[in-house]
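Residue numbers (my numbering): 7 to 92. Beta carbons: idealized from backbone N, C-alpha and C, even for Gly. Given the structure is predicted, the values throughout are model-derived calculations rather than measurements. Input: a single structure, listed below in structure tokens.
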Amino acid sequence: MEQNTNEPTEFQQILQRLGTGNTVVRDTIALLAERGLKVSRSAMYQALDGRSNRRELIEAFLETAEAEFERRRQVRERAARLIHNA
């Protein structure tokens with residue numbers, strides 16, 4: 007049996023960069039539900055693995071991931087300001 011040696015997709019790399027315990031997939035599913043689209047975790051991960059061509063899932067995932075990276079950047083800036091001003 008051959009091992010799967012494929013490189014992770016760009017979307018899997020984003021998830022890895024966010025680290026364990028992040029809520030981006032759950033938040034993406036919630037965002038899609040707000041927009042009237044019901045999606046399972048399995049369908050979301052299939053899209054992130056490149057096994058689904060549902061563009062709306064990827065677009066929502068990228069939107070959610072960008073918001074999370076921005077939130078983390080703002081938290082770091084606030085912490086640095088507090089350290090600098092303390």
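Bounds of the alpha helix (DSSP H) holding Ala-36 are 30-40. Ala-85: member of the alpha helix (DSSP H) spanning 61-91, first to last residue. Ile-20 is classed as buried because its beta carbon has at least 16 other beta carbons within 10 Å across all chains shown.
The segment 55-62 and the segment 29-37 do not touch, with fewer than 3 CB-CB distances between them shorter than 8 Å.
By the C-beta criterion, the segment 43-61 is judged not to be in contact with the segment 69-77, since fewer than 3 inter-stretch pairs fall below 8 Å. Arg-57 sits in coil when the DSSP states are folded into three classes, being neither helix nor strand.
When C-alpha distances from Leu-24 are compared across Arg-41, Gln-52, Val-45, Glu-74, the shortest belongs to Glu-74.
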